[in-house]
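To start, the structure under review is shown below, and the notes come after it.
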Amino acid sequence: MPPDAVALPAAAAPRAGWALPRDAGWWALLLPAFLLMSVIYVAPILQVLAISVTEPTTGLGNYERLFTSIGVQRVIGTTLRICAVTTVIALLLGYALAYVVALASPRAQRWWLLGVLLPLWISVLVRAFAWVTLLRRQGLVNQGLQGLGLIDEPLALVWNEFGIVVGMVHYMVPYAVLPMLAAMREIDPRLLAAARGLGASRLMAFARVFLPLSAPGLVAAGVLVFIFSLGFYITPAILGGGKTLMAAEWIKLQILDLVRWGMGAMLATVVVVAILTTLAVFSRVVNLRRLFGGGH
Amino acid sequence: MSAPVAHALELRGLSKRYGSFIAVDAVSLRVDRGQFLTLLGPSGSGKTTILMAIAGFVAPSEGAVLLDGADITGLSPERRDFGMVFQGYALFPHMTVAENVAFPLRVRGLSRADRDARVRGALDLVQLAAFAGRRPSQLSGGQQQRVALARALVFDPALLLLDEPLSALDKKLRAELQDELKALHRRVGRTFVNVTHDQEEALSLSDQVAILNHGRLVQMGAPEALYERPRTRFVADFLGKSNFLQGTVREVGATGMALQAGATRLVQAGAAHPAPGRPALLSLRPEKIGLLAGAETAENEVAGTIASWAYLGAGYSLSVRTADLGEIRVALPAWRAPIAPREGLPVRLGWAADAAVPVLEDADAA
Ligand SMILES: Nc1ncnc2c1ncn2[C@@H]1O[C@H](COP(=O)(O)OP(=O)(O)OP(=O)(O)O)[C@@H](O)[C@H]1O
Ligand SMILES: [Mg+2]
Numbered sequence: 030m031p032p033d034a035v036a037l038p039a040a041a042a043p044r045a046g047w048a049l050p051r052d053a054g055w056w057a058l059l060l061p062a063f064l065l066m067s068v069i070y071v072a073p074i075l076q077v078l079a080i081s082v083t084e085p086t087t088g089l090g091n092y093e094r095l096f097t098s099i100g101v102q103r104v105i106g107t108t109l110r111i112c113a114v115t116t117v118i119a120l121l122l123g124y125a126l127a128y129v130v131a132l133a134s135p136r137a138q139r140w141w142l143l144g145v146l147l148p149l150w151i152s153v154l155v156r157a158f159a160w161v162t163l164l165r166r167q168g169l170v171n172q173g174l175q176g177l178g179l180i181d182e183p184l185a186l187v188w189n190e191f192g193i194v195v196g197m198v199h200y201m202v203p204y205a206v207l208p209m210l211a212a213m214r215e216i217d218p219r220l221l222a223a224a225r226g227l228g229a230s231r232l233m234a235f236a237r238v239f240l241p242l243s244a245p246g247l248v249a250a251g252v253l254v255f256i257f258s259l260g261f262y263i264t265p266a267i268l269g270g271g272k273t274l275m276a277a278e279w280i281k282l283q284i285l286d287l288v289r290w291g292m293g294a295m296l297a298t299v300v301v302v303a304i305l306t307t308l309a310v311f312s313r314v315v316n317l318r319r320l321f322g323g324g325h
Numbered sequence: 007m008s009a010p011v012a013h014a015l016e017l018r019g020l021s022k023r024y025g026s027f028i029a030v031d032a033v034s035l036r037v038d039r040g041q042f043l044t045l046l047g048p049s050g051s052g053k054t055t056i057l058m059a060i061a062g063f064v065a066p067s068e069g070a071v072l073l074d075g076a077d078i079t080g081l082s083p084e085r086r087d088f089g090m091v092f093q094g095y096a097l098f099p100h101m102t103v104a105e106n107v108a109f110p111l112r113v114r115g116l117s118r119a120d121r122d123a124r125v126r127g128a129l130d131l132v133q134l135a136a137f138a139g140r141r142p143s144q145l146s147g148g149q150q151q152r153v154a155l156a157r158a159l160v161f162d163p164a165l166l167l168l169d170e171p172l173s174a175l176d177k178k179l180r181a182e183l184q185d186e187l188k189a190l191h192r193r194v195g196r197t198f199v200n201v202t203h204d205q206e207e208a209l210s211l212s213d214q215v216a217i218l219n220h221g222r223l224v225q226m227g228a229p230e231a232l233y234e235r236p237r238t239r240f241v242a243d244f245l246g247k248s249n250f251l252q253g254t255v256r257e258v259g260a261t262g263m264a265l266q267a268g269a270t271r272l273v274q275a276g277a278a279h280p281a282p283g284r285p286a287l288l289s290l291r292p293e294k295i296g297l298l299a300g301a302e303t304a305e306n307e308v309a310g311t312i313a314s315w316a317y318l319g320a321g322y323s324l325s326v327r328t329a330d331l332g333e334i335r336v337a338l339p340a341w342r343a344p345i346a347p348r349e350g351l352p353v354r355l356g357w358a359a360d361a362a363v364p365v366l367e368d369a370d371a372a
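Line by line, the protein sequences give chains A and B. Just so you know, we're using my numbering here: the first sequence kicks off at 30 and counts up by one. Just so you know, we're using my numbering here: the second sequence kicks off at 7 and counts up by one.
Below you can see the structure in the form of structure tokens.
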């Protein structure tokens, strides 16, 4: 990134001699972080963009493959499908969990939250391999089901899309819970009592009052989980067993194994654009600042 | 009133314990159909707990709630069919005013046409028809309160429960809405049970007031009766202001008694006959005391000096220091004040034999 772009906020600051705007000091404090981000984050992304239109030849040839290559389309289709399924399941589980936490006593809430957040401190790698041990043909789940006589042959639970979804859902549930819990905590419990007092059954009070009031959290969690899922690499790589390719692994394959930098960079760019577009669309629907912890 | 059941609502020995803490202690009371009952008491006296037990949100530890003679203690809140105005109103923020008011009808499965007609009627009742399309957040506090009332009345409940419906409003608006609430009660003719810790509100709105303290029902009656004939020191003190005169019974007659407080002799009308020699406590309202001018006399007279005074617009509030009865508070209408008060001014106070009321110490009443 050209250095003069970085100087923009500072250049806008001094207006009448010493009379700096009140925020100028804060902007100056942000400058080092801004520079660092430009160098280690924005610059490489721009470089990727550049590679995608220059390798192997200059032009939009790589992007043409989006429409012509069945292989590329299959990867995109698989990725979208797995991400959508993961998002829906993580939202359902996360909603139920957030609901229980939101209605628990303050003491119980702390324990629930600890339980929800605990997996976040365990490495993705460890969790993925743990799922492999549980789900493989001789794993605990298959042995258990066979022991109970429910199945004769072990089920294919891992090294396919099912395994990937299990691992991804497990990873994403805490991220689904947090925004929804935040939204639910803002719901005045008296509204539910009011609904009951005015003649609504528990179910109706939930459907007509709680659900609509928690909807912003649901949407926010959906966006968050979906975007996170798009970039998943380790979990699908391990639980997919190399047979089901998602975008991130496909990019790695293109660049490291096939040395087709242009193709890898093209899909990477597509993913980034997809994420930014999703954010742009949903920033009009929900308050993103609130979703990511800013504001109040 | 042809039905054999005279009482719309009855509480029988209602108690609620939280662990070893007794929030409500054996409260029994009855409300006649169409009456306006107010539960009045200081903070923490158990008012909300009683209201929530009536509504079905709090399960009583003991006792029963009866509606038209039928025990409804175990019935869930939504089956009781009571209208309810919550503390802070609890309007649904994601619905418009009209949708809020339609909510009780919607959950009862009324058709759209029926709903619309009833909602319009209820909004007209509280003069908010023009605001039907707004969200609660776009309304003033007073308007929100009226939406809550419309929502609670729209399904024509037999009983309307109100938890501090006016406490969130400023003083002027509160007075206005008090009048409206009273008019509304008369118009709809339903039984209202209201909770407040504002004694003025209780006096001006209610047919019956139940005074609570520490979870107990201390006294219940019409506002005038409670104000004029408080049974205990707590009631006299909580409802309006009062002076408490401590004395010893000297003589007892058919129509009254004489008390001695230091060198001061007091005469007190009444049919109560405590034994001579016993201590007695009188409650004397500040507005029943007059300043005696010149040769004027009264059945009870005591001399003192003005310790402090305040001008309150409609009148003066004096604090008069006396030798035998401590400080006595006097409320003097400004138009009748014979003097311009100033600190240290010697005055003579006078009141009639029937101006004060004998009351019990709270410990004796329990
Ligand atoms: N769920 C509960 N657990 C324990 N104690 C409670 C509970 N609910 C109420 N209490 C206690 O019961 C007592 C009565 O409470 P309540 O809410 O009925 O008082 P109130 O008369 O409505 O007071 P206020 O005027 O402050 O609203 C209080 O001391 C309160 O702390
Ligand atoms: Mg209360």
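C-beta atoms are modelled at their ideal positions from N, C-alpha and C, and glycine is treated no differently.
When burial is assigned at 16 or more other CB atoms within 10 Å of the CB, is residue i buried or exposed?
{"i": "Q283 of chain A", "result": "buried"}
{"i": "E207 of chain B", "result": "buried"}
{"i": "F27 of chain B", "result": "exposed"}
{"i": "T261 of chain B", "result": "exposed"}
{"i": "G54 of chain A", "result": "exposed"}
{"i": "A211 of chain A", "result": "buried"}
{"i": "E182 of chain A", "result": "exposed"}
{"i": "P142 of chain B", "result": "buried"}
{"i": "I295 of chain B", "result": "buried"}
{"i": "F96 of chain A", "result": "exposed"}
{"i": "V206 of chain A", "result": "buried"}
{"i": "Q167 of chain A", "result": "exposed"}
Could you check what DSSP says for residue i in three-state terms: helix, strand or coil?
{"i": "N249 of chain B", "result": "strand"}
{"i": "Q167 of chain A", "result": "coil"}
{"i": "F198 of chain B", "result": "strand"}
{"i": "F261 of chain A", "result": "coil"}
{"i": "V224 of chain B", "result": "strand"}
{"i": "D213 of chain B", "result": "coil"}
{"i": "G25 of chain B", "result": "coil"}
{"i": "W56 of chain A", "result": "helix"}
{"i": "F42 of chain B", "result": "strand"}
{"i": "I345 of chain B", "result": "coil"}
{"i": "L72 of chain B", "result": "strand"}
{"i": "W188 of chain A", "result": "coil"}
{"i": "M275 of chain A", "result": "coil"}
{"i": "G173 of chain A", "result": "helix"}
Within its chain, find whatever has a CB closer than 6 Å to the CB of residue i; leave out the 5 residues flanking it on each side and keep chain order.
{"i": "R237 of chain A", "result": "none"}
{"i": "A39 of chain A", "result": "Reliability fails at A39 of chain A, whose pLDDT of 39 lies under 50, so the model's placement of it is uncertain and the value that follows must be treated cautiously. Result list for A39 of chain A: empty, nothing under 6 Å."}
{"i": "H191 of chain B", "result": "F42, F198"}
Report whether the distance from the Cβ of residue i to the nearest heavy atom of ligand 1 is below 7 Å.
{"i": "F92 of chain B", "result": "no"}
{"i": "K177 of chain B", "result": "no"}
{"i": "Y262 of chain A", "result": "no"}
{"i": "S117 of chain B", "result": "no"}
{"i": "S51 of chain B", "result": "yes"}
{"i": "P54 of chain B", "result": "Reading off the sequence shown, one finds Thr at residue 54 of chain B, where the question assumed Pro. It does: the Cβ of T54 of chain B is within 7 Å (strictly closer) of some heavy atom of ligand 1."}
{"i": "F255 of chain A", "result": "no"}
{"i": "Y24 of chain B", "result": "yes"}
{"i": "A29 of chain B", "result": "yes"}
{"i": "G268 of chain B", "result": "no"}
Quick check: is any heavy atom of ligand 2 less than 7 Å from the C-beta of residue i?
{"i": "V201 of chain B", "result": "yes"}
{"i": "E215 of chain A", "result": "no"}
{"i": "D162 of chain B", "result": "no"}
Here's a check: name, in chain order, each residue in its chain whose Cβ is nearer than 7 Å to the Cβ of residue i, leaving out the five neighbours to either side.
{"i": "A234 of chain A", "result": "L221, A224, R225"}
{"i": "P10 of chain B", "result": "Annotation note: pLDDT 47 at P10 of chain B (below 50); position unreliable, coordinate value reported separately. No residues qualify anywhere along the chain."}
{"i": "A242 of chain B", "result": "P236, S248, S289, V365"}
{"i": "G221 of chain B", "result": "I28, A29, V30, D31, S51, G52"}
{"i": "F261 of chain A", "result": "M197, M275, A277"}
{"i": "V194 of chain B", "result": "L159"}
Beta-carbon within less than 8 Å of residue i's beta-carbon, same chain only, minus the 5 sequence neighbours each way: which residues are those?
{"i": "G139 of chain B", "result": "T102, V103, A104"}
{"i": "F98 of chain B", "result": "E105, N106, F109, P142"}
{"i": "A14 of chain B", "result": "V37, D38, R39, G40, Q41, L73, D74, A164, L165, T197"}
{"i": "L111 of chain B", "result": "D120, R121, R124, V125, V160, F161"}
| In chain order, which alpha helix (DSSP H) runs of at least 4 residues are fully inside the segment 86-147 of chain B? | 103-113, 118-131
| field | Entirely enclosed beta strand (DSSP E) segments - the segment 157-205 of chain B, minimum 3 residues | value | 165-169, 197-202
| query | Residue ranges of each beta strand (DSSP E) run of no fewer than 3 residues wholly in the segment 279-343 of chain B, ordered along the chain? | reply | 285-290, 306-317, 321-328, 333-339
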